[in-house]
Amino acid sequence: MTHVFVHGGQSLHTIDLAAAAPEQDSARLDALPYVIRILLENLYRHQAWGAAVSDAEIARLWRWREHVGADLPLHVARVILPDSSGLPVLQDLAALRDAVAEAGGDAARVDTRVPVDLIVDHSLQVDRWGDAQAVQFNLGREFERNDERYRFLKWAQQAYKGLRVIPPGTGIIHQINLEYLASVVARQQRADGEWAYPDFVIGGDSHTPMVNALGVLGWGVGGIDAESALLGQAYTFPIPEVVGVRLSGSVRAPALSTDAALLITQRLRAAGVTGTMVEFFGPAVAALSIPDRATIANMAPEYGATCGFFPLDAQSIAYLRMTRGDEAQAGFIQAYAQAHHLWRDDATRGTPDYARVIEIDLSEAEPAVAGPRRPQDRMALGQVPADFRRRLTQPIAEGGFGAEPAPASSPAAIGHGAVVLAAITSCTNTSNPGVMLAAGLLARNALARGISPPAWMKRSLAPGSRAVTRYLDDAGLLAPLAEQGFHVIGYGCTTCGGKSGPLTPAAADAITDGKLVTAAVLSGNRNFEGRIHKLVRANYIGSPAMVVAYALAGRIDLDFEREPLGLDADGTPVMLRDIWPSPGDIAALLPHASQASLYREMYAPEALDSAMWQALDAPRGLHFPWDPDSHYLVAPPFFRNLPQDALADLSQRLRRARVLAAFDDSLTTDHISPSGEIPADTPAGQYLSAAGIAARDFNTYVARRCNFHVMTRATFANIRIKNALVPGVEGGWTTHFPDGTRQTVFDAASAYAADGSASIILAGKDYGMGSSRDWAAKGSALLGVRAVIAESFERIHRANLVGMGVLPLAFAPGQGWRALGLSGAERYTFENVQAGILDGEPIQVIADDGTRQVRFEVTAQVLTQAERQLMSEGGIPAAVLHHFLTPPAAPAGH
46 MTHVFVHGGQ SLHTIDLAAA APEQDSARLD ALPYVIRILL ENLYRHQAWG
96 AAVSDAEIAR LWRWREHVGA DLPLHVARVI LPDSSGLPVL QDLAALRDAV
146 AEAGGDAARV DTRVPVDLIV DHSLQVDRWG DAQAVQFNLG REFERNDERY
196 RFLKWAQQAY KGLRVIPPGT GIIHQINLEY LASVVARQQR ADGEWAYPDF
246 VIGGDSHTPM VNALGVLGWG VGGIDAESAL LGQAYTFPIP EVVGVRLSGS
296 VRAPALSTDA ALLITQRLRA AGVTGTMVEF FGPAVAALSI PDRATIANMA
346 PEYGATCGFF PLDAQSIAYL RMTRGDEAQA GFIQAYAQAH HLWRDDATRG
396 TPDYARVIEI DLSEAEPAVA GPRRPQDRMA LGQVPADFRR RLTQPIAEGG
446 FGAEPAPASS PAAIGHGAVV LAAITSCTNT SNPGVMLAAG LLARNALARG
496 ISPPAWMKRS LAPGSRAVTR YLDDAGLLAP LAEQGFHVIG YGCTTCGGKS
546 GPLTPAAADA ITDGKLVTAA VLSGNRNFEG RIHKLVRANY IGSPAMVVAY
596 ALAGRIDLDF EREPLGLDAD GTPVMLRDIW PSPGDIAALL PHASQASLYR
646 EMYAPEALDS AMWQALDAPR GLHFPWDPDS HYLVAPPFFR NLPQDALADL
696 SQRLRRARVL AAFDDSLTTD HISPSGEIPA DTPAGQYLSA AGIAARDFNT
746 YVARRCNFHV MTRATFANIR IKNALVPGVE GGWTTHFPDG TRQTVFDAAS
796 AYAADGSASI ILAGKDYGMG SSRDWAAKGS ALLGVRAVIA ESFERIHRAN
846 LVGMGVLPLA FAPGQGWRAL GLSGAERYTF ENVQAGILDG EPIQVIADDG
896 TRQVRFEVTA QVLTQAERQL MSEGGIPAAV LHHFLTPPAA PAGH
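Note that my numbering has the sequence shown beginning at 46, numbered continuously upward.
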């Protein structure tokens, strides 16, 4: 099993899967999906290192198709975090240290056990745009707003030995991971010598799978799971169903790789790959560059998969040579992969044996956008005008906007359908030089014909890394983008994450005065309701070039095939097809983005340093000195008042429950826990106002995630959330029972808690889709939600609920709360809860509204033995506290 791998005169310990295979499975190695091979290596290696990995667990993974859902005790090579989820993780660790010390334990044991990278990229807001000073101004405002948070991070950098912080202004987490952090093959010095093994990362952002493009296995988890993994505990994961996606054909002009990613997202979401691992193969794969693969892999959360994996091949090595500039390391990675059955070689080894295969022809991709509310709702450009006009006056309950008729938008006036926000942003596309250069070429071509966006439209460019700015400048395209209003405004997650900043006054006033339904177009991956900007109702995802096209059009309902973008100086109509860049034009500029010296310069140690960051003064020591007057950093309550018997406590509480809210399909974690601006008239805004904080200093929900008072009040408070208990009303409202009064969700939850009633949630399909937002689970738990009954759950949020001791329950197939005739006004009683969690038995539910009873059965969505143990302990906070209060085992032989 353990093998000495010799390369370049070095000898390294590795796991030889071919030698390790059970005799009856030895011929199966090449038939295993590549992701299964990586997971097998992980189990064998950690068994060799002394971890609790059994032969039976390894044997099940060899025959994975027969054991989908069985526990895997994995150990990750590293953890990667954005500041949005990373700060709460580190804050929890600081509070855990305090709790361990207060209980008489050794607080120093609370430390990172694997390397952790935290990239500060989720706190940038588009305060200033449209000029060359925007980058420095926005970065300065970022430091001003987040002074306390960043000082805490600097404390954490010295307090946790395995933590590396990459300061603000560097880029987006996933692009930095792709261009710089991912080792592909990791190395570690141990007592018996140096080991080499596949890089394997989990991240506190759902788009972590972008690194799958490079042959690195990784996926997103909630911060709750990340805490456990970085503390060195086994990361328990069920054996996945692995779906093969065979890609054929090629993307044909005028389509771009973004259009292919939107096609794949739509097809895979429709095919039902939620919770699976997707692995791409087929004749089209070899020709896809790593940036093209990254655009597809990044969208894994949007198609619902755990990951979208591309095995290592020649494209991977070429990209590593370009971005790392280390020929010897690139050669080592190739040799390791080829020797350890991790090199994609369809010609000689054939296709792995997948659970099922989905065929997608990339030549079917065409210029498209996805919207107006979900990333999987792809439409060809020609369908957009009619779809928008149909939705405009359609009732909200039927998927429309419920607007009153009003004049359409025009260059001279803002009306329904005006594009008021155009943003080239997000890791999805800015990692891809082809689509970024296409956007720059379109901007340049439009300038040459005298076509520009209207002045009332806000435009921004937030590159995924500083390398993007450099190659756009070298290609002569940064200036025309800026002339069209797309100045670089900074480096980080902005519009896609709800940090779009204010609209132009003209747009904001027109929307408010006219009750207009306007549009945003962005090159991101998320367009859920209320996420992009509170005033913008229709949000569309497209390629960077499509963002420029709609900016030039000025309205979302323009028919590009039949209507001109405008008239040139000679009065000649200018059609989009007249100025759309050709594949040859794009290809001619690609060498600007493939210079190894560019990436070496961008990621040199001195380039990753920051004078503003270094100037921050931060405390030192083992324990963080909490400031009782802070409204950013408040010690979290998760390690206090934990029940002695969590299952008995849960069972008792669920004998008296009320419905806090009821939802239909596709409720997202953005709906549950918003990320953008904090409105003054919400419970969170009122709390901050009462603390003497002016509205202009509220910052965003992301920035306040380390204040549980804010975040509990934010839960179920998205401005576009639709709770069926208050039909026709948007926002964080509900009906309190039994009196039937309308209250905020926070006030109703507080009232239920005061009278000893547990809160529950009723929901439809795909509950918790979207971001890996652990506060959607944390906030639910702090509101007193003890169970969520849904028709189905998205993977990360379901796991986060378990991690916080909130019980996810599934209706029987074909049932749902509406089908059962439930209104939400009932009193609910749950029976057989403990057996339902521990043994998978049905849990009986009795809903009684005083005049009739509805009895039905639900099934606990607690899927592995490790999750059952977590529920028994009350969630991850209770489990890790118990772990650190238990004396460490004596070394073997003592």
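From the three backbone atoms N, C-alpha and C, an ideal C-beta is built for every residue, glycine too.
It should be emphasised that the depicted structure is a prediction, and the values quoted were computed from it without experimental measurement.
Asked                                                                                                                             : Found
Three-pair Cβ contact test at 8 Å for the segment 716-727 versus the segment 527-537                                              : no
Beta-carbon separation (whole angstroms), residue 765 vs residue 575, contact threshold 8 Å                                       : 3 Å
Secondary structure, alpha helix (DSSP H): runs of 4+ residues fully inside the segment 141-218                                   : 179-190 and 192-204
Residue 472, enclosing alpha helix (DSSP H) - first and last residue                                                              : 472-475
Residue 827 beta carbon less than 8 Å from that of residue 753                                                                    : yes
Beta-carbon proximity of residue 902 to residue 889, cut-off 8 Å                                                                  : yes
Meets three-Cβ-pair contact criterion under 8 Å: the segment 783-797 and the segment 824-842                                      : yes
Beta-carbon contacts of residue 252 that lie in its chain and below 7 Å, excluding the five residues immediately before and after : 219, 265, 343, 346, 472 and 570
Cβ contact check for the segment 480-496 and the segment 197-208: 3 or more pairs under 8 Å                                       : no
Nearest candidate by alpha-carbon position, reference residue 715, set 153, 527, 291 and 756                                      : 756
Where residue 679 falls: helix, strand or coil (DSSP)                                                                             : coil
Assigned exposure category for residue 358 - 16 Cβ within 10 Å defines buried                                                     : buried
Neighbourhood of residue 62 by C-beta, 8 Å cutoff - its chain only, sequence neighbours within 5 removed                          : 74, 82, 85, 86, 89, 385 and 386
Segment contact, 8 Å Cβ cut-off, at least three pairs: the segment 494-502 with the segment 630-649                               : no
Cβ-based neighbour list, residue 186, same chain, cut-off 6 Å, excluding 5 preceding and 5 following                              : 172
Beta-carbon spacing of residue 613, residue 495 below 8 Å                                                                         : yes
Local conformation of residue 404 per DSSP, three classes                                                                         : strand
Contained beta strand (DSSP E) runs [length at least 3] in the segment 698-725, N- to C-terminal order                            : 702-707
Buried versus exposed call for residue 461 [16 or more other C-beta atoms within 10 Å across all chains shown]                    : buried
Beta-carbon proximity of residue 707 to residue 869, cut-off 8 Å                                                                  : yes
Among 60, 108 and 508, the one whose alpha carbon lies nearest that of residue 11                                                 : The requested residue 11 does not occur in the structure, where the chain is confined to residues 46 to 939.
Euclidean distance between Cα positions of residue 261 and residue 439                                                            : 45 Å
Residue 895 versus residue 871 - alpha carbon distance                                                                            : 8 Å
Sufficient close CB pairs (3 or more, under 8 Å) joining the segment 372-381 to the segment 584-602                               : no
Spatial distance of residue 773 from residue 582 (CA atoms)                                                                       : 16 Å
Option nearest residue 540 by Cα separation, candidates 467, 476, 248 and 274                                                     : 467
Own chain residues within Cβ distance below 7 Å of residue 941, not counting five before or after                                 : With the chain represented from 46 up to 939, any question about residue 941 goes unanswered, as that position is not in the structure.
Rounded separation between residue 113 and residue 863 - CA only                                                                  : 31 Å
Secondary structure of residue 893, DSSP reduced to three states                                                                  : strand
Option in 918, 380 and 524 with minimal Cα separation from residue 53                                                             : 380
CB of residue 878 within 8 Å of CB of residue 699, strictly                                                                       : yes
Straight-line gap, residue 419 to residue 709 (C-alpha atoms, nearest Å)                                                          : 15 Å
Which listed residue (76, 239, 681 and 67) has its alpha carbon closest to that of residue 100                                    : 67
Cut-off 6 Å between Cβ atoms - residues of its own chain near residue 182, not counting five sequence neighbours on either side   : 173
Cut-off 7 Å between Cβ atoms - residues of its own chain near residue 121, not counting five sequence neighbours on either side   : 159, 245, 246, 247, 274 and 280
Residue closest to residue 566, alpha-carbon to alpha-carbon, out of 435, 653, 464 and 626                                        : 464
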